[in-house]
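Residue numbers for the sequence shown follow the working numbering, so the first one is 541 and each next one is one higher.
Every residue gets a Cβ at the ideal spot worked out from N, C-alpha and C, and that includes glycine.
Encoded as C-alpha cells, the structure appears first; notes follow it.
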Amino acid sequence: MSVAQQPAADALVLFGATGDLSRRKLFPALYRMEEHGHLKVPVIGVARSDWSDEGFRQHAHDSILGAIPEAKASVIESLLARLDLIQGDYGDPATWTSLRDTLDSCHSRTAVFYMAIPPTAFPTVAQSLASVGLNDRGRIVVEKPFGRDLASAVELNTLLHSVFPEERIFRIDHYLGKESVEDLLVFRFSNTLLEPVWNRNYVRSVQITMSETIGVEGRGSFYDSVGTVRDVLQNHLLQVLALVAMEPPVGPESSFLQDEKAKVFAAMRPLDPSAMVRGQYVGYRDEPGVAPDSQVETFVAARLEIDSWRWAGVPWYVRCGKGLETAATEVVVEFREPPSLLFDEAGGPEPQRNLVRFRLGKQDGVTFTLQAKTPGQHLDSQNVDVAVDFAAALGERREAYERLLDDALDGLPRRFAREDVVEQTWRVVQPALDAPGPVHPYFRGSWGPAEAERILCGDAWFTPAV
Ligand code: BG6
C-alpha cells in the first residue's frame, strides 16, 4: 500500500442506482469487475421507495445487457447476488438508519459512497451520511459536474469538507480513468526524446479537439442547464491539457501529480471571452427538454495561454462539441519549422511542420508526422506518418469507469481530481460563464460554426486523424 493509499473498501453504496449513469456506465463497469474477479464487496443501491428488489435486479440485468450484449449469464448472476436495495427518500431519516443497519449487517467499516445523483442532491446525501455517522466509515465519490462555476465549486468543497476530509473525497472525471489519457503522462516522461523540445522554443501551438457526432441523446434538459463549457471544457479538456503542459512530477503519487496540474492552471490566464466562440447545432432547440429559445452552447472553441517559462507565448487551442463531423479526441502538438528550407529542389508546396498527434478516443495511439526524402533525383521532402495503434501494440485495455470504480474501492486517489485543481479550472473558464457572447448556429455533420476559425490567429484547425 503506497503512502497515499487508503484502506480497501468492504462495501459499495450506490446513490442513484436506478438512474441514467448507473445504467449506462456503472453496472456495465461492475459487470467487467465481476468478470475480471475484482469485485469482492456487496453493492447496496439506494433508490426511491417505489422500486422493488426485483425491479432493481432487473434494471441492473438490463443495463448490463444493453451495454454488453455478449455478457455471460453466470457473471451477471454473481453480480446480481451482491446487490441489495435500500428503498426510501433521501429526505427521510429512516432511509439513513436503514443504510447504516445494512452496512452493520455486512460488518462494513469502510464503504465507498458513490453519488451518481444530480448535484442538487449532494448536500442532502453528504449531511445525511454524517447524521448517522457514516461519514466516518468510508469515502465519497462525487460525479461531475462539480459545481456550476467557481463560487458554487468552492461552496460544494466547503460543504463536503464539513463532513469528509479532502483525502476521502474522490471527484470523478472519467477522462482521468482512460488509459489513453493517462498515457499522455507516461509517454511524455518515460521517453527522453520529447522533453528537450517540449517547450516554447520548439512548440508553435497545441490543439486539443474533443468532437462528438452524437447530439444530446435524450439528455436535453440536463444539457440545456450546463452547455459545453461546463459539460466537458472545464473538466475533460482541461485535465487533458494539464497532462500535456505539466512539469515532470516528483514521483507517481497522487499529491505530486495534483501539484503539477495545479501549477499549470495557476499559470493559465482566465479565458478571454474575445478568444472564445460558442456554437449551437441546428435542431438543438427541438430536442426534448431544451428551451425553444435556448442560448446554450453545444460547441465551444477557445484560445488559452499559460504564462510559464515553458509555455509563454504558445497558443493552446481547444474545441469541443456535439453534432460534429467526426467522433475524435486528439491532442496535436505542432512544432516550429526548421530555420531554413534546405531541401526544396522540386519547388513543391511548403513542407508541413512536424506534429505529434495523440489520439485519445477509439483506436487510440500516437502519430508523429515527420519529413522524409521524396523519391527521385531532387533533394526534397514530403510528409510521412509514423504511427502506432496502442490496442494493436499493447492489447485491449479496461474501460475508464471500471478502472475508476476499482480505484475508489482500493482507496487510490491518483485518478481523481483534487479540490484546488477543480477550483482552478473553474477560475479559468469563469469569464466564459460571465460573458458568454453570442451562440453561432452550425449544421450537424460540420466542424462547428465558421467563426471558430477566428480565434486561430491565422492558423487552421487540424482535422482529426480517424
Ligand atoms: C460526459 C459528458 O462527461 O462525457 C457527455 O457529460 C459526453 O456529454 C461524454 O458525451 C463523452 O465521454 P466519452 O468517454 O464518450 O468521450
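Query - Status (buried if at least 16 other CB within 10 Å, exposed otherwise) for residue 741 - result: The sequence position of residue 741 within the sequence shown is 201, counting from 1. Answer is exposed; the Cβ neighbour count stays below 16.
Query raised in the report: Can you list, in chain order, the residues of its chain whose CB lies under 7 Å from that of residue 670, leaving out five sequence neighbours each side?
Result: In the sequence shown, counting from the first residue as 1, residue 670 sits at position 130. These residues qualify, in order along the chain: 703.
Query raised in the report: Any contact of the segment 713-726 with the segment 828-847, i.e. 3+ C-beta pairs under 8 Å?
Result: no
Requested in this report: Please classify residue 751: does DSSP put it in a helix, a strand, or coil?
Outcome: Locating residue 751 in the sequence shown gives position 211, where the first residue counts as 1. Residue 751 falls in the strand class under three-state DSSP.
Query raised in the report: Considering only C-alpha positions, which residue in the set 729, 848, 700 and 685 is nearest to residue 776?
Result: Taking the sequence shown and counting its residues from 1, one reaches residue 776 at position 236. Of 729, 848, 700 and 685, the residue nearest in Cα terms is 685.
Query raised in the report: residue 818 by DSSP, collapsed to three states: which one?
Result: Here the question's residue 818 lines up with position 278 in the sequence shown. Correct three-state label for residue 818: strand.
Report task. Report all residues from its chain with a CB closer than 8 Å to the CB of residue 596; omit the five preceding and five following residues, and keep chain order. Result -> Your numbering for residue 596 matches position 56 in the sequence shown. Hits under 8 Å: 557, 558, 585, 587, 623 and 625.
Query - Neighbourhood of residue 574 by C-beta distance below 6 Å, restricted to the same chain and skipping five residues each side - result: Walking along the sequence shown from the start, residue 574 turns up at place 34. 615, 618 and 619.
Requested in this report: Counting only runs of 3+ residues fully inside the segment 867-900, write out the beta strand (DSSP E) ranges in chain order.
Outcome: 868-875 and 895-899
Query - Buried/exposed call for residue 851, threshold 16 Cβ in 10 Å - result: Walking along the sequence shown from the start, residue 851 turns up at place 311. Residue 851 is buried by the Cβ-count criterion.
Query - Nearest candidate by alpha-carbon position, reference residue 654, set 579, 989, 666 and 815 - result: By one-based count along the sequence shown, residue 654 stands at place 114. Checked all of 579, 989, 666 and 815; the closest Cα to residue 654 is 666.
**Report entry** Separation of residue 876 from residue 924, as counted between CA atoms
**Finding:** Translated into positions along the sequence shown, residue 924 becomes position 384. Translated into positions along the sequence shown, residue 876 becomes position 336. Straight-line Cα distance between these residues: approximately 17 Å.
**Report entry** Between the CA atoms of residue 755 and residue 528 - distance to the nearest angstrom
**Finding:** Residue 528 lies beyond the residue range present for the chain, which begins at 541 and ends at 1006; the question has no answer from this structure.
Query raised in the report: Three or more C-beta pairs closer than 8 Å, one from the segment 727-736 and one from the segment 986-993: is that the case here?
Result: no
Query raised in the report: For residue 601, is the classification buried or exposed, using 16 other Cβ atoms within 10 angstroms of its Cβ as the cut-off for buried?
Result: Mapped onto the sequence shown, residue 601 falls at position 61. Answer is buried; the Cβ neighbour count reaches 16.
Report task. Quick one: residues in its chain with C-beta nearer than 7 Å to the C-beta of residue 591, no 5 flanking neighbours on either side, listed in chain order? Result -> Numbered from its first residue, the sequence shown carries residue 591 at position 51. If we look at residue 591 and ignore the five residues flanking it on each side, its Cβ neighbours are 558, 625 and 627.
Query - residue 688 versus residue 960 - alpha carbon distance - result: Working through the sequence shown from its first residue, we reach residue 688 at position 148. Working through the sequence shown from its first residue, we reach residue 960 at position 420. Spanning the two alpha carbons is a distance of roughly 15 Å.
Report task. Enumerate, from N- to C-terminal direction, the unbroken alpha helix (DSSP H) stretches of 4 or more residues contained entirely within the segment 716-751. Result -> 719-730
Query - residue 543 (DSSP reduced to helix, strand or coil) - result: What you label residue 543 is simply residue 3 of the sequence shown in a count that begins at 1. The predicted model places residue 543 with a pLDDT of 48, which falls under 50 and marks its position as unreliable; any figure quoted below should be read in that light. In the structure shown, residue 543 sits in coil (DSSP, three-state: anything other than H, G, I, E or B).
Report task. Flag residue 721 as yes when its Cβ comes closer than 7 Å to any non-hydrogen atom of ligand 1, and as no otherwise. Result -> Reading the sequence shown from its first residue, position 181 is the one you call residue 721. No, the beta carbon of residue 721 sits no closer than 7 Å to any heavy atom of ligand 1.
**Report entry** CB-CB length for residue 549 against residue 650, believed under 8 Å
**Finding:** On the sequence shown, residue 549 is found 9 positions in, with the first residue counted as 1. On the sequence shown, residue 650 is found 110 positions in, with the first residue counted as 1. 5 Å between Cβ atoms; contact.
Report task. Decide if the segment 801-813 is in contact with the segment 962-977; the criterion is three or more beta carbon pairs, one per stretch, under 8 Å apart. Result -> yes
Query raised in the report: Of the residues 842, 817 and 724, which one's Cα is nearest the Cα of residue 787?
Result: Residue numbering aside, residue 787 sits at position 247 when the sequence shown is read from its first letter. Here the closest residue by C-alpha is 724.
Query raised in the report: Whole beta strand (DSSP E) runs in the segment 611-638 with 3 or more residues, listed along the chain?
Result: 623-627
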